[in-house]
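Chemist: Structure provided below as structure tokens; questions to follow.
Residue numbers (the numbering used here), protein chains in the order written: chain A, 55 to 469; chain B, 55 to 469.
Following this line, the structure appears as structure tokens:
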């Protein structure tokens with residue numbers, strides 16, 4: 055796999071994108087620096103020139119947003135897709151049957167402009183729950199959105215900015231792989247998501263495009279594997295949103311065919327997972343109010359279930375997260391979180407390291423150099439490692455610290 | 055049951071208490087307003103003039119503090135107790151075998167002064183994890199602590215202040231009950247706990263005293279029932295501490311005997327539960343950084359398990375808690391938390407009320423008066439009610455909002 059440094063969603067052949075300002079956002083946040091600062095992008099469209107095979111994974115929340123429910127149904131029907139429209143600021147959730155009708159209206163407007171059926175257009179929304187989607191505002195802007203579609207980096211970035219809510223940075227990745235027959239496949243991805251982030255699922259919106267020619271079932275399987283230990287291992291606040299999904303659109307325009315049980319498929323799966331890994335880290339790093347990126351790893355857990363319990367407990371502990379924000383070497387809080395995680399382990403055989411420095415050995419605090427600890431905690435990236443001696447299971451989770459700004463952002467989210 | 059308004063731990067006959075400043079706390083927090091402001095109380099002792107029957111409930115955290123482990127062992131051995139010494143600022147946890155030895159030394163110092171065996175002295179510690187208990191500082195103050203023991207309100211309040219950590223208010227309750235034979239029993243309780251609070255258990259330290267003459271098994275049973283829906287329904291941050299316990303000491307000095315299968319026992323159990331309820335509310339209300347007390351109730355859940363999942367998810371959701379802090383009517387976040395709680399329910403049959411005002415009906419947002427909502431959210435006490443139509447199960451949980459001050463307090467806890 056070759057990573058592509060200057061990444062954007064339209065790098066794979068046959069994809070176009072655009073973002074417009076439909077007036078959903080009144081704030082001046084998330085303005086694309088390339089455009090007029092007064093222009094607040096809030097609607098994004100990713101389009102494939104030819105119908106694309108699509109796979110998706112969705113939030114595990116029992117309550118699901120209407121735009122999402124509609125997309126789950128359309129993808130489930132098995133047809134190919136021409137595009138996906140995403141709006142920010144309004145989740146289109148908890149508003150009743152009008153919600154799905156509103157999403158339908160938006161999809162139809164896009165379909166009419168593109169000259170396809172509305173069944174070929176996916177919808178996604180994130181933002182405030184329980185307020186009717188201002189679909190007329192969006193529909194009014196659809197002609198501008200579609201006429202501006204382009205494979206240019208600029209328009210691709212517009213799309214990313216149109217999806218973003220409290221995100222402070224765009225999250226775009228891309229890579230190419232070369233198949234056995236020498237043909238090249240490109241995969242690109244972008245995501246939004248900053249708060250209300252916790253497994254499962256991905257709890258954000260992620261879109262991948264690829265010009266690979268791949269069967270729907272293989273694509274679905276690859277996506278499921280890719281998100282399992284990446285998107286599904288990000289937590290910002292422990293809140294699993296009602297709107298979120300990751301989709302991948304494969305339009306086959308590279309002419310490179312990926313078959314079942316081949317090295318090519320393995321290569322494709324690995325690339326998709328690696329890009330998912332990169333985006334997952336970006337999501338945690340740009341968590342609401344985050345000043346630090348924190349990776350929690352456990353080794354030697356009794357089994358996978360326990361390993362996940364442990365990384366989840368530590369990653370969502372407000373006490374651990376505020377200590378990291380304060381750069382306070384209060385590592386006893388990590389021990390505490392492991393203790394209440396529900397996992398089985400011997401408290402007298404646990405080691406805890408932060409930034410490679412040992413803080414607890416066999417469950418007992420180790421005298422440590424406060425200056426050295428201060429240096430480690432002053433870093434932006436914090437690596438917490440929990441070593442048990444129960445078995446061979448491993449897991450990891452990405453999170454961020456808990457800051458004043460998290461409280462500020464979420465104390466007045468609607469306004 | 056007769057509530058006693060001016061409550062303190064030594065109201066039941068034959069109990070004395072005191073608190074001293076042993077120099078564990080360097081900050082000027084939690085100074086008893088009745089005493090010299092320069093005197094920072096950090097050690098408390100509650101004593102019974104005669105050996106008392108004791109029952110206890112303890113944290114469910116797999117990692118347990120050494121002072122706690124010692125107390126669990128002593129109570130488990132079945133003997134009667136003369137007293138309990140509690141220190142703040144240091145959890146005496148995660149320091150290895152020296153931890154229990156340190157607790158033993160402290161208990162022995164108290165026992166020597168009181169003229170009993172160290173087996174008759176319980177120990178409890180909360181504070182920073184992973185730092186050796188400065189037991190010499192405590193032992194040096196034991197003579198002063200014991201010689202000052204008194205049944206006076208003033209000394210009882212000293213004890214409460216000596217236990218407190220980031221608490222901003224003392225938590226003291228008391229009531230009396232009259233048995234069938236006309237004899238009166240008094241029960242008093244006090245607690246500390248402000249952060250690292252989440253079931254199970256009580257996740258703080260609670261001490262009850264009573265002059266009832268009651269069998270150990272009956273007392274244990276009464277305590278277990280009392281905490282189940284009170285102390286075990288408080289969450290501040292979702293972090294279950296390693297140190298925490300609730301104990302009740304019954305010294306029999308009222309001469310009032312409480313027998314098995316009697317109305318008297320029922321009366322006693324009800325009183326203990328009601329006092330536990332009062333303290334649980336005080337704990338949530340004084341949660342770290344709290345500006346609001348929030349009660350989450352669910353009715354109509356499929357079963358008790360689901361009911362608990364729901365109130366727990368909402369009560370620990372950082373997004374709900376920051377919205378309440380910001381007085382933002384973002385009630386969609388409550389719907390979201392119920393959705394990801396893991397409970398089974400029909401999202402189209404859920405009602406959500408806050409302060410008696412309907413925000414969601416049958417899963418759909420109801421148009422509401424923003425001014426009316428603002429008034430409700432401006433209150434100190436917020437009542438959230440979630441109504442399902444799945445069954446008859448009910449549960450409730452007490453919590454508080456998530457403020458800048460929570461982050462501030464916990465970003466620099468050790469210093």
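Ideal Cβ placement from N, Cα and C applies to all residues, glycine included. Fair warning: this is a prediction, and the values are worked out from it, not measured in the lab.
Leaving out five residues before and five after residue 253/B in sequence, what residues of the same chain have Cβ atoms less than 6 Å from its Cβ?
Modeler: With a pLDDT of only 46 at residue 253/B, under 50, the local geometry of the prediction cannot be trusted, and the value read off the model is given with reservation. Counting only Cβ-Cβ distances below 6 Å, and skipping sequence neighbours, we find 286.
Chemist: Among residues of its own chain, excluding the 5 on either side of residue 198/B, which ones have a beta-carbon nearer than 8 Å to its beta-carbon?
Modeler: 74
Chemist: Along the chain, where does the alpha helix (DSSP H) containing residue 303/A start, and where does it finish?
Modeler: Run containing residue 303/A: none in the alpha helix (DSSP H); it sits in the beta strand (DSSP E), 299-304.
Chemist: So which of 118/A, 382/A, 444/A, 65/A has the shortest CA-CA distance to residue 401/A?
Modeler: 444/A
Chemist: Tell me the rounded alpha-carbon separation between residue 71/B and residue 417/B.
Modeler: 53 Å
Chemist: For residue 115/A, decide whether its Cβ has a neighbour in chain B, counting only Cβ atoms nearer than 8 Å.
Modeler: yes
Chemist: For chain A, check one thing: does any of its Cβ atoms lie closer than 8 Å to the Cβ of residue 212/B?
Modeler: no
Chemist: Going by the DSSP bridge assignment, what does residue 70/A pair with across the sheet?
Modeler: 101/A
Chemist: Output, in chain order, the set of chain A residues within a Cβ distance shorter than 7 Å of residue 379/B.
Modeler: By Cβ distance, chain A contributes 461, 465.
Chemist: Between the alpha carbons of residue 172/A and residue 209/A, how many angstroms are there, rounded?
Modeler: 23 Å
Chemist: Is it the case that the Cβ atoms of residue 100/B and residue 261/B are separated by a distance below 8 Å?
Modeler: yes
Chemist: In whole angstroms, give me the CA-to-CA distance for residue 256/B and residue 304/B.
Modeler: Summary for residue 256/B: the model assigns pLDDT 32, below 50, so the residue's position carries little reliability; its value from the coordinates is reported in the next sentence. When rounded, the distance between both Cα atoms is 20 Å.
Chemist: For residue 225/B, report the span of its alpha helix (DSSP H) as first-last.
Modeler: If you look at residue 225/B, you'll find it isn't in any alpha helix (DSSP H); it sits in the beta strand (DSSP E) that goes 225-232.
Chemist: Report yes if the C-beta distance between residue 147/A and residue 183/A is below 8 Å; otherwise report no.
Modeler: yes
Chemist: Give me the DSSP bridge partner(s) of residue 312/A.
Modeler: 268/A
Chemist: Going straight from the alpha carbon of residue 459/B to that of residue 159/A, what length do you get?
Modeler: 45 Å
Chemist: Quick one: what's residue 435/B bridged to in DSSP?
Modeler: 347/B
Chemist: Have a look at residue 379/B and residue 350/A and give me their C-alpha separation to the nearest angstrom.
Modeler: 29 Å
Chemist: Quick one: does residue 147/B have its CB under 8 Å from some CB of chain A?
Modeler: Interface residue, yes.
Chemist: Take the Cβ of residue 332/A as the centre, count every other Cβ of all protein chains shown within 10 Å, and call the residue buried at 16 or more, exposed below.
Modeler: Of the residues assessed, residue 332/A falls on the buried side of the cut-off, its CB having 16 or more other CB atoms within 10 angstroms.
Chemist: Distance cutoff 8 Å, beta carbons only. Does residue 457/B sit that close to anything in chain A?
Modeler: Interface with chain A (8 Å Cβ-Cβ cutoff): residue 457/B is included.
Chemist: Which residues, taken in chain order from the segment 410-427 of chain A, show a beta carbon closer than 7 Å to some beta carbon of chain B?
Modeler: Result list: 414, 417, 418, 419.
Chemist: Quick one: measure Cβ to Cβ for residue 139/A and residue 175/A, integer angstroms, because I've assumed they're closer than 8 Å.
Modeler: Sure, about 6 Å apart at Cβ, within 8 Å.
Chemist: Just how far apart, CA to CA, sit residue 84/B and residue 337/B?
Modeler: Reliability of the predicted coordinates at residue 84/B is poor, the pLDDT of 46 falling under 50, and the value obtained from them is presented with this limitation in mind. Cα to Cα, residue 84/B sits roughly 15 Å from residue 337/B.
Chemist: If you draw a straight line from the C-alpha of residue 98/A to the C-alpha of residue 179/A, how long is it?
Modeler: Approximately 10 Å between the Cα atoms of the pair.
Chemist: Which residues mark the beginning and the end of the alpha helix (DSSP H) in which residue 374/A is found?
Modeler: 372-379
Chemist: DSSP three-state label for residue 442/A, please.
Modeler: coil
Chemist: Which residues, in chain order, does the segment 181-192 of chain A contribute to contact with chain B at a C-beta distance below 9 Å?
Modeler: Those would be 182, 183, 184, 185, 186, in chain order.
Chemist: Can you tell me whether DSSP reads residue 242/A as helix, strand or coil?
Modeler: strand
Chemist: Between the C-alpha atoms of residue 405/A and residue 205/B, what's the straight-line distance to the nearest angstrom?
Modeler: Between the alpha carbons of residue 405/A and residue 205/B lies a gap of roughly 46 Å.
Chemist: Indicate whether the contact test is met: 3 or more Cβ pairs, each with one atom in the segment 444-453 of chain B and one in the segment 445-455 of chain A, closer than 8 Å.
Modeler: no
Chemist: Along the segment 379-397 of chain B, where does the CB come closer than 9 Å to a CB of chain A? Name the residues.
Modeler: 379, 380, 381, 382, 383, 384, 385, 386, 387, 389, 390, 391, 392, 393, 394, 395, 396, 397
Chemist: Is residue 364/A closer than 8 Å to residue 392/A when the C-beta atoms are compared?
Modeler: Yes, the Cβ-Cβ distance between residue 392/A and residue 364/A is below 8 Å.
Chemist: List the whole-angstrom C-beta distance separating residue 16/A from residue 276/A, where the pair is believed to meet the contact cut-off of C-beta under 8 Å.
Modeler: Beyond the ends of chain A as shown, which are 55 and 469, falls residue 16/A; an answer cannot be given.
Chemist: Is there a Cβ of chain A sitting closer than 8 Å to that of residue 376/B, yes or no?
Modeler: Output row for residue 376/B: interface = yes.
Chemist: Does residue 309/B pass the burial test, meaning 16 or more other C-beta atoms within 10 Å, or should it be called exposed?
Modeler: exposed
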